[in-house]
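My numbering puts the first residue of the sequence shown at 98, with every later residue one more than the last. Glycine residues also receive a C-beta, built at the ideal position from the N, C-alpha and C atoms. Since we're looking at a predicted model, the values are computed, not measured. First the structure, in the form of structure tokens, and then the observations on it.
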Amino acid sequence: MSTPPGIAPAPAAAGPAPAPPRTLRAAWPALAGLSAVFLFEMLDNSVLNVALPTIGRELHASTVGLQWVTNAYAVTFGGLMLVLGATADRFGRRRIMLIGLVLLGAASLATAFVSTAEQLIAVRAMTGVAAAMTTPGSMALAFRLFDEDGLRVRAATLISTVGLVGLAIGPTVGGFVLAIAPWQVLLLVNVPIAVLAVVGVRAGIAADEAADLQRDPVDVLGAALGTAAIVLALVAPTLFVTEGAGSWQPWTATVAATAGAVLFLLRQRSARHPLLDLELVARPLVSSGLAYKAAAGLATAGLGYLVTLQLQLDWGWTPAAAALGVLPQVVVLVAGGAFVNPFVRRVGLDRAARLSATAVVTGLAVYSLLGRFGYLWVASALVLVAAGMRVVGVVAGVNVLRGLPKNRTTIGAALTDTAAEVTSGVGIAVCGTVLAALFTGGVAASGWSPRQTAQFQQAVTIAGLLLTVAAAALVGWAALRARNAADGGADGPGTATTGA
């Protein structure tokens with residue numbers, strides 16, 4: 098049988114593929130490497146935030162400069178995930194992962210030679226590129242290691258637990274390190290993490306087979322439009338916070354992001370080889386998983402932003418006391434990993450996603466309506482959101498990958514992360530905009546008047562309820578889509594690799 102024109106002939110078989118591991122222990126080198134990748138993502142920004150005052154003093158950075166020390170990473174990371182996920186699906190997930198890890202190590206080493214804020218911003222942008230090459234691949238490769246959904250959930254839970262432990266201990270460890278060493282040490286720690294990840298990925302994960310790679314050419318115009326839309330969507334929330342809702346800059350960025358998103362979607366509908374196949378995204382299992390992740394990102398970012406302001410500015414807690422105040426959330430995020438797999442086994446993947454996303458939205462509603470009446474309500478909201486996030490962060494991502502062909506898994510993971518990143522930015526923008534509209538005076542000033550306290554509480558209630566309604570709508574829509582997937586079976590595991 099002849100090969101159709103324009104399609105490269107399939108390579109000759111190199112022998113039977115190795116059988117997938119039947120236990121997590123059998124895949125420990127790969128899981129160690131992939132866990133190191135996720136540890137980097139969680140640890141990196143948490144330790145950097147602790148060092149920002151020191152960095153500002155030593156590099157003579159302005160407030161805006163410090164803002165971009167963190168934003169340079171977030172914008173490049175979020176903006177490039179889709180295009181680099183599509184690249185990995187075409188040129189090899191393991192290969193792109195290893196290149197990204199080398200770049201991560203190089204960017205971390207470059208921190209030792211930084212002498213200005215501008216140089217640090219450039220290093221952080223390069224680190225964001227490395228994260229965009231590695232983070233989506235960690236979940237995509239973990240998914241592909243196993244052929245049974247239970248093991249996939251357990252692997253994703255293990256990887257996320259390692260990362261959350263890093264997130265939990267990062268600020269404390271960072272504070273101790275700053276007491277005895279230069280701030281650069283906090284970022285140089287990424288070098289041994291990158292080395293561990295390289296060793297684990299090379300030893301435990303086989304190179305991608307040509308038959309499992311996407312062979313369509315990259316949609317360059319679509320990639321440019323998609324990247325621009327995401328970057329602008331991530332920059333706009335920062336502008337709302339730094340420039341204020343009365344400035345033209347955040348609104349211009351918002352309009353440009355919306356226009357870019359519309360043009361991107363139009364391009365994907367008309368392109369012969371789209372970067373993102375909208376028919377695949379519209380599959381019930383995929384779209385429901387993305388909506389669950391988006392709802393969780395919206396609610397979690399909004400809650401984190403508002404609670405931080407309430408504890409320190411409204412209630413006057415010290416930073417140390419505020420850190421203890423969010424400890425219930427940290428404990429649930431870290432310890433909850435032991436309960437994810439039993440819970441999923443008991444109720445199933447689809448129901449677990451729905452229930453956990455609902456818990457996140459309920460936690461935000463509890464805080465919005467009752468958080469002003471005392472810390473017990475704040476702690477209850479934090480626990481509900483953390484418990485829901487612990488589950489939905491794993492199962493929604495697994496559901497998205499279950500609904501995609503084998504040659505689209507990395508862009509699927511990238512799309513999941515992008516949905517959470519963008520909606521997190523939207524959540525912060527909504528809170529910052531409502532607060533700016535209702536609060537008179539400087540929110541960071543000490544000694545609020547009773548009127549300002551009332552204004553802040555009103556802003557918290559309005560912003561929290563706006564996000565609660567939006568997140569609840571996403572969860573409701575996702576539940577309907579998941580029901581369609583269960584009824585129709587249109588996009589379950591083993592779907593043919595369209596577009597290969």
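Going by the CB atoms, is the gap between residue j and residue i shorter than 8 Å?
i, j, result
"isoleucine 508", "leucine 131", "no"
"serine 205", "valine 288", "yes"
"glutamine 407", "valine 557", "yes"
"threonine 339", "valine 172", "no"
"valine 226", "leucine 217", "no"
"alanine 252", "alanine 239", "yes"
"alanine 237", "leucine 498", "yes"
"valine 315", "leucine 501", "no"
"valine 429", "valine 475", "no"
"leucine 395", "valine 523", "yes"
"leucine 535", "glutamine 555", "yes"
"alanine 450", "alanine 493", "yes"
"threonine 184", "isoleucine 196", "no"
"alanine 456", "glycine 433", "no"
"leucine 400", "alanine 478", "yes"
"aspartate 186", "leucine 310", "yes"
"glycine 189", "alanine 304", "yes"
Given this structure, state the Cα-to-Cα distance separating residue i from residue j, to the nearest angstrom.
i, j, result
"asparagine 146", "alanine 308", "43 Å"
"proline 117", "alanine 214", "47 Å"
"valine 482", "valine 491", "14 Å"
"threonine 320", "glutamine 365", "According to the sequence shown, residue 320 is alanine rather than threonine. Each residue's alpha carbon lies about 10 Å from the other."
"leucine 275", "asparagine 496", "41 Å"
"leucine 285", "phenylalanine 273", "15 Å"
"isoleucine 166", "alanine 222", "Reading off the sequence shown, one finds valine at residue 166, where the question assumed isoleucine. The straight-line gap from Cα to Cα measures roughly 9 Å."
"valine 134", "aspartate 141", "11 Å"
"tryptophan 125", "glycine 301", "7 Å"
"alanine 330", "alanine 569", "22 Å"
"valine 519", "isoleucine 327", "7 Å"
"leucine 362", "arginine 122", "43 Å"
"arginine 191", "alanine 127", "11 Å"
"valine 270", "valine 144", "8 Å"
"arginine 164", "proline 371", "The displayed chain sequence assigns glutamine, not arginine, to residue 164. The alpha-carbon atoms of glutamine 164 and proline 371 are separated by roughly 35 Å."
"valine 427", "glycine 561", "21 Å"
"tryptophan 348", "alanine 342", "8 Å"
"threonine 592", "arginine 249", "Caution applies to threonine 592, whose pLDDT of 40 falls short of 50 and renders its modelled position unreliable; the model cannot decide the point."
"threonine 120", "leucine 149", "42 Å"
"threonine 232", "threonine 324", "17 Å"
"alanine 294", "alanine 129", "7 Å"
"alanine 379", "isoleucine 525", "27 Å"
"histidine 157", "leucine 424", "33 Å"
By the DSSP assignment, the alpha helix (DSSP H) with residue i in it spans what residues?
i, result
"alanine 598", "As shown, the chain starts at 98 and ends at 597. That puts residue 598 outside it, with no answer to give."
"serine 159", "Element bounds for serine 159: n/a, residue is neither H nor E."
"valine 527", "506-535"
"phenylalanine 361", "345-367"
"glycine 225", "214-242"
"glutamate 376", "375-378"
"serine 543", "Per DSSP, serine 543 belongs to no alpha helix (DSSP H) and is neither H nor E."
"phenylalanine 273", "246-277"
"alanine 204", "190-207"
Take the Cβ of residue i as the centre, count every other Cβ of all protein chains shown within 10 Å, and call the residue buried at 16 or more, exposed below.
i, result
"serine 159", "exposed"
"tryptophan 345", "exposed"
"glycine 357", "buried"
"phenylalanine 470", "exposed"
"threonine 151", "exposed"
"valine 359", "exposed"
"threonine 415", "exposed"
"serine 367", "exposed"
"alanine 393", "buried"
"proline 381", "buried"
"alanine 579", "buried"
Suppose only complete runs of 4+ residues qualify. What are the alpha helix (DSSP H) ranges in the segment 438-485, listed by chain order? Listed in chain order, they are 446-467.
Kindly provide the ranges of any alpha helix (DSSP H) runs that are 4 or more residues long and lie completely inside the segment 406-431, ordered along the chain. Taking 4 residues as the shortest admissible run, the segment 406-431 contains the following complete alpha helix (DSSP H) segments, listed from N- to C-terminal end: 416-422.
Taking only runs of the alpha helix (DSSP H) that begin and end inside the segment 547-587, which ones reach a length of at least 4 residues, in chain order? Counting only runs of at least 4 residues, the segment 547-587 fully encloses the following alpha helix (DSSP H) elements, listed from N- to C-terminal order: 547-585.
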